[in-house]
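The structure under discussion appears below in the form of structure tokens.
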Amino acid sequence: MGTLHPTVVSETAATYSLNLFMPEVFGLMSAAQATVHEYPGKADAIAQQLQTNHISKAAHTLLNEVNPLCTNHKYGLVDSVYVQTITQDYRTLQQYAAALNHSVVYLGDFSGISDTELLEAYADWHADIGLTAAEVSRALADRRIEPTEFLAIKQRLHQSLRTGLEFLNRLASVVEDE
């Protein structure tokens, strides 16, 4: 993760600023920008839907806020939630979590899940574990792990964890109270 840079503001307090161009922060803002730019109708359509929900945000303001190179506008967390809800695009959430070394798991509504769906979820989880093991095996074939191989393993592992947690959520939906 990037480095926090201390700036002393008094003898008793210090603040820390994040470098906007840290890969984690830049990735987060790039994801937000892609969400807006790839939505049908782009910023205009999103701004119109925000207006429908009584949130005043001009399209050009939104475009400036999600531009990673524009430092005089800030994209707010609440705005981000609204935009992701409108677009159903959660790359920003995923990048936010990744910037803080966390993972995101979709917690769907699995009420009324069938036994077959539960078994499919279990099989999907084990298939992802197998893909993770294969990635590790490929990386270790030359008895060393390069940075790109580590990244591939990390991404596969995060995917298998998400799949495992989805299975756990599905399983929780069939738990019966005594």
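Counting in this note's numbering, the sequence shown runs without a single skipped number right up to 163 at its last residue.
Using N, Cα and C, we set each Cβ at its ideal position, and we do this for glycine too.
Please read these numbers as outputs of a predicted model, since none were measured by experiment.
Whole-Å CB distance - residue i paired with residue j, under 8 Å assumed
{"i": "Ser158", "j": "Ser96", "result": "6 Å"}
{"i": "Leu35", "j": "Tyr60", "result": "Not really, about 13 Å apart at Cβ, beyond 8 Å."}
{"i": "Leu103", "j": "Leu62", "result": "Their Cβ separation, rounded to whole angstroms, is 35 Å, which puts Leu103 and Leu62 out of contact at 8 Å."}
{"i": "Ala16", "j": "Arg76", "result": "4 Å"}
For residue i, the three-state DSSP class (helix, strand or coil)
{"i": "Val90", "result": "coil"}
{"i": "Phe95", "result": "coil"}
{"i": "Gly(-13)", "result": "Residue placement at Gly(-13) cannot be trusted, given a pLDDT of 43 that sits under 50; the coordinates are not used to answer."}
{"i": "Pro8", "result": "helix"}
{"i": "Asn57", "result": "coil"}
{"i": "Gln74", "result": "Checking the sequence, you will find Asp at residue 74 rather than Gln. It is coil, neither helix nor strand."}
{"i": "Val66", "result": "helix"}
{"i": "Ile31", "result": "helix"}
Close Cβ partners of residue i (< 8 Å) along its chain, the five nearest in sequence each way excluded
{"i": "Asp117", "result": "Checking the displayed sequence, the identity of residue 117 turns out to be Thr instead of Asp. Taken in chain order, the residues that qualify are Ile138, Arg141, Leu142, Gln144, Ser145."}
Close-in-space but distant-in-sequence residues of the same chain around residue i (CB under 7 Å, 5 per side omitted)
{"i": "Ala32", "result": "Lys42, Ala43, Ala44, Leu47"}
{"i": "Ser88", "result": "Ala82, His143, Leu146, Arg147"}
{"i": "Glu120", "result": "Ala137, Ile138, Arg141"}
Opening and closing residue of the alpha helix (DSSP H) in which residue i lies
{"i": "Asp127", "result": "Careful: Asp127 lies outside any alpha helix (DSSP H) and carries neither H nor E."}
{"i": "Leu48", "result": "44 to 50"}
Selected residue, minimal CA-CA separation from residue i, among the options
{"i": "Thr56", "options": "Ile98, Gly93, Val10, Asn154", "result": "Val10"}
{"i": "Asn52", "options": "Val121, Asn38, Gln18", "result": "Gln18"}
{"i": "Val90", "options": "Gly12, Asn154, Tyr24", "result": "Asn154"}
{"i": "Ile98", "options": "Ala124, Val160, Gly12, Tyr24", "result": "Val160"}
{"i": "Gly26", "options": "Leu78, Thr72, Phe135", "result": "Thr72"}
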